[in-house]
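Colleague: Protein chains in written order, with the numbering used here: chain A, 190 to 414; chain B, 110 to 583.
Each residue gets a CB set at the ideal place from its N, CA and C atoms; glycine is no exception.
Fair warning: this is a prediction, and the values are worked out from it, not measured in the lab.
Take this structure first; my questions come after.
Structure follows, in structure tokens:
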């Protein structure tokens, strides 16, 4: 899952990036509204975390422009403005949620998970066949047996399973699982896919990830071939 | 009592007083006119009596003579049918004639008096007219002294006419006045009250608007009345007051929002950094850099709180400057010496021309703080290799201390705002320069307390000059 943080305070952007990357997110940071908007419109993000008071373009304006461009990406407002009017104004501008500074990092994570939760599902858990993933704890189970994955492997698997039954192109995988500082050499995907397949096979769900030659990969629910 | 009732009440009282005076005057004038007519009638009668009896009051020959003349007079009247007829029918027109000697003994009297006697006033030596109660009804009386040719007074001729008709008129007049008095005053009170209500209706609007005003709704304004009168001025003045209040609230709200942002941000940074840090075990170096970072943020926060408290203390005027006459050069030198190490670490030099002996009346501690703030700003916004020069100049009235830097400068349109709390030309509030946005507010506040004028001129990318102008003190 790839996030964009638009926050001018380097301290906050810093720990958010650190903390979120530890949670297997790919994180990009923009320090002002203008560059943040450019990034948000040119890349595909799964979630935006936007501060209200940022230079060049306010968080509200960024939010409006993103919505105007037709994007439905979840937007989390992160700000020290805390009056009722501010909250309402922010949400009305197109934000999905609103977190007041100072906030608990755990709460932020939970709220991010809520925004990423697949529609029509009561909880965060993702599954494909006998494989199930808990994004909150970063645990992967094949049946009742836990599979240990590295953060990148986990992120890759999570992305594929979130987009279950859809073809994930190599460029989209790169965009959503790796951050912007990664050069677009997609061969790294193949390496991680190989690692993943090896671990899944050992746990008994070997055929989960299928290759669509020349395009990318797909996870199919078994029996829906 | 409400204002409108009070206005109506006072107005009515004043009018009642005036009307009472007017009525009384009219009444007494009418009374006087009526009596004068009676007096004229009496005068005519007296003249007739004297003419009929061929005597004059100053050539009186004795009562014997006169006795017949009175009878004659009676006879004369008797002969006059008209008069007689009138007399029978309307007794009111009857005249009474009476002669008395000096001691008041009745010598002779007209038949109309029958057994009655007209009152005699011995104190009156000349001809006199007065009103008298005669047998239960009022009469107007004239008393004429009768003197013999030698000038000795022998007695008096007293003649009287009844006042009954005239008194009826006068009593009616008095009754009309007494009746019309309240009849005028009551409608007057009601009328005045309604006029008062109409006149003060703009005040009601003022009250209604003021009642609607609250801290959250300061947009209401009083509608200005049509006429440019006192109420118009009242409304305009109150509107202006509302405007100032709104500005003040707005500034306060802005300040609170800024202050909370400035305080919450480092708090959020420290909290977040530590929360992320504690989630997983890390190596020593990682801990150290994060904790160092947090300490830096906390120090910044502590400085901010210090400055906020200082501003708050100055603004509540709890700090009064201890003004004393001080030489300016040593003051500046002190600060410069303190700031040089900081400047040197950034590769900036500070020059100061010391050749001035000017003295100023300031609080040295506060002046020190002003200088330190301005110089540290100059260091903050100057690049390596530039020079900050401090100059003191003076003329007959003022001493001017200028702090000139070659830094990034301030855009002209922002010059006015730099003294506002939390205002920073670089609006990104990022702490790269380490500024808190309160330094110049404190400078301004301190300068105001000591009657020092702070001026600033600037050119972008060429530098900024701050001038402190204070009155010469010996």
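Assuming contact is defined by CB atoms lying nearer than 9 Å, are residue 495 of chain B and residue 516 of chain B in contact in what I supplied?
Modeller: A contact, by the Cβ cut-off of 9 Å.
Colleague: Output yes or no for whether 9 Å exceeds the beta carbon distance between residue 388 of chain A and residue 335 of chain A.
Modeller: Against a cut-off of 9 Å, the Cβ pair of residue 335 of chain A and residue 388 of chain A comes out as no contact.
Colleague: Is the separation between the beta-carbon of residue 406 of chain B and that of residue 294 of chain A shorter than 9 Å?
Modeller: No. Outside cutoff.
Colleague: Check residue 237 of chain B in the structure and name its three-state DSSP category.
Modeller: Looking at residue 237 of chain B - three-state DSSP - the assignment turns out to be strand.
Colleague: For residue 502 of chain B, list the residues DSSP reports as bridge partners.
Modeller: Paired residues: B:509.
Colleague: Round the Cβ separation of residue 267 of chain A and residue 303 of chain A to the nearest angstrom and send it over; I've been treating them as touching at under 8 Å.
Modeller: Contact doesn't hold; Cβ gap of about 15 Å is too wide.
Colleague: Assign residue 403 of chain B to one of two classes, buried (16 or more other C-beta atoms within 10 Å of its C-beta) or exposed (fewer than that).
Modeller: Buried is the call here.
Colleague: Which two residues bound the contiguous alpha helix (DSSP H) that contains residue 559 of chain B?
Modeller: No alpha helix (DSSP H) contains residue 559 of chain B, which DSSP labels as neither H nor E.
Colleague: On the DSSP letters alone, give me the boundaries of the beta strand (DSSP E) that residue 433 of chain B sits inside.
Modeller: First-last of the beta strand (DSSP E) with residue 433 of chain B: 433-436.
Colleague: Between the stretch 218-243 of chain A and chain B, which residues of the former have a C-beta closer than 8 Å to a C-beta of the latter?
Modeller: Under the 8 Å Cβ criterion, the stretch 218-243 of chain A contributes 220, 221, 242, 243.
Colleague: Could you check how far apart the C-beta atoms of residue 193 of chain A and residue 237 of chain A are, in whole angstroms? I think they sit under 8 Å.
Modeller: At roughly 5 Å, the Cβ-Cβ gap stays under 8 Å, so residue 193 of chain A and residue 237 of chain A are in contact.
Colleague: For residue 288 of chain A, go through chain B and note every residue whose CB falls closer than 8 Å to its CB, in chain order.
Modeller: Ordered by position in chain B, no residue passes the 8 Å Cβ test against residue 288 of chain A, which lies about 10 Å from the chain.
Colleague: Within the 9 Å Cβ cut-off, does residue 299 of chain B reach chain A?
Modeller: It does not: the Cβ of residue 299 of chain B has no partner Cβ on chain A nearer than 9 Å.
Colleague: Do residue 465 of chain B and residue 438 of chain B come within 9 Å of each other at the CB atom, strictly closer than that value?
Modeller: Cβ atoms of residue 438 of chain B and residue 465 of chain B: closer than 9 Å.
Colleague: Who are the near neighbours of residue 226 of chain B in its chain, counting only those whose CB is closer than 8 Å to its CB and skipping five residues on each side?
Modeller: Result list for residue 226 of chain B: 207, 215, 218, in chain order.
Colleague: What do you reckon, are the CB atoms on residue 470 of chain B and residue 429 of chain B nearer than 9 Å?
Modeller: Result no, Cβ atoms of residue 470 of chain B and residue 429 of chain B do not sit closer than 9 Å.
Colleague: As an exercise, report each continuous beta strand (DSSP E) stretch of at least 3 residues that is fully enclosed by the stretch 304-349 of chain A, in chain order.
Modeller: The qualifying runs are 315-317, 320-323, 328-331, 334-336.
Colleague: At a cut-off of 8 Å, is residue 209 of chain B close to the ligand FAD when judged by its beta-carbon and the heavy atoms of the ligand?
Modeller: The ligand content of the structure shown is nil, which means the ligand FAD is not present either.
Colleague: How big is the Cα-Cα spacing for residue 547 of chain B and residue 329 of chain A?
Modeller: Cα-Cα distance, rounded: 52 Å.
Colleague: Leaving out five residues on either side along the sequence, give the residues of the same chain with a beta carbon under 8 Å from the beta carbon of residue 358 of chain A.
Modeller: Around residue 358 of chain A: 404, 405.
Colleague: Taking only the alpha-carbon atoms, compute the straight-line gap between residue 315 of chain B and residue 327 of chain B and give it to the nearest angstrom.
Modeller: Roughly 14 Å between the two C-alpha positions.
Colleague: Where residue 233 of chain B and residue 164 of chain B are concerned, what is the direct C-alpha to C-alpha distance, given to the nearest angstrom?
Modeller: Roughly 21 Å between the two C-alpha positions.
Colleague: For the alpha helix (DSSP H) containing residue 572 of chain B, list its first residue and its last residue.
Modeller: Taken as a continuous stretch (DSSP letters only), residue 572 of chain B belongs to no alpha helix (DSSP H), being part of the beta strand (DSSP E) at 572-580.
Colleague: Using a Cβ-Cβ cut-off of less than 8 Å, list which residues of the stretch 268-284 of chain A approach chain B; keep chain order.
Modeller: The residues in question are 269, 270, 271.
Colleague: Considering residue 280 of chain B, what are the terminal residues of the alpha helix (DSSP H) in which it resides?
Modeller: Per DSSP, residue 280 of chain B belongs to the alpha helix (DSSP H) from 273-308.
Colleague: Taking C-beta to C-beta, are residue 586 of chain B and residue 413 of chain B nearer than 9 Å?
Modeller: The shown model of chain B, from 110 to 583, leaves out residue 586 of chain B, and the question about it has no answer.
Colleague: Residue 406 of chain B versus chain A: which residues are under 9 Å apart at the beta carbon?
Modeller: Residues of chain A passing the Cβ test: 200.
Colleague: Could you list the residues in the stretch 439-458 of chain B with a C-beta less than 8 Å from some C-beta on chain A, going in chain order?
Modeller: Hits within the stretch: zero.
Colleague: Output the distance between the C-alpha atoms of residue 160 of chain B and residue 297 of chain B, rounded to the nearest integer angstrom.
Modeller: Near 57 Å, if we compare the C-alpha coordinates of residue 297 of chain B and residue 160 of chain B.
Colleague: Output needed for residue 447 of chain B: all residues of its chain with C-beta closer than 8 Å, excluding positions within five of it in sequence on either side, in chain order.
Modeller: Around residue 447 of chain B: 481.
Colleague: Buried or exposed: which applies to residue 245 of chain B, given that a residue is buried once 16 or more other Cβ atoms fall within 10 Å of its Cβ?
Modeller: Exposed, by the Cβ-count rule.
Colleague: Could you check what DSSP says for residue 473 of chain B in three-state terms: helix, strand or coil?
Modeller: Looking at residue 473 of chain B - three-state DSSP - the assignment turns out to be helix.
Colleague: Check whether the stretch 247-262 of chain B touches the stretch 280-291 of chain B, counting contact only when three or more Cβ pairs, one atom from each stretch, lie closer than 8 Å.
Modeller: Touching, no.
Colleague: Short of 8 Å in beta carbon distance, which residues of its chain neighbour residue 381 of chain A, apart from the five on each side in sequence? Order them along the chain.
Modeller: So the qualifying residues of the chain are 341, 342, 345.
Colleague: Cβ of residue 270 of chain A within 9 Å of Cβ of residue 279 of chain A?
Modeller: A contact, by the Cβ cut-off of 9 Å.
Colleague: Could you give the distance in angstroms between the alpha-carbon of residue 152 of chain B and the alpha-carbon of residue 237 of chain B?
Modeller: Roughly 10 Å separates the two Cα atoms.
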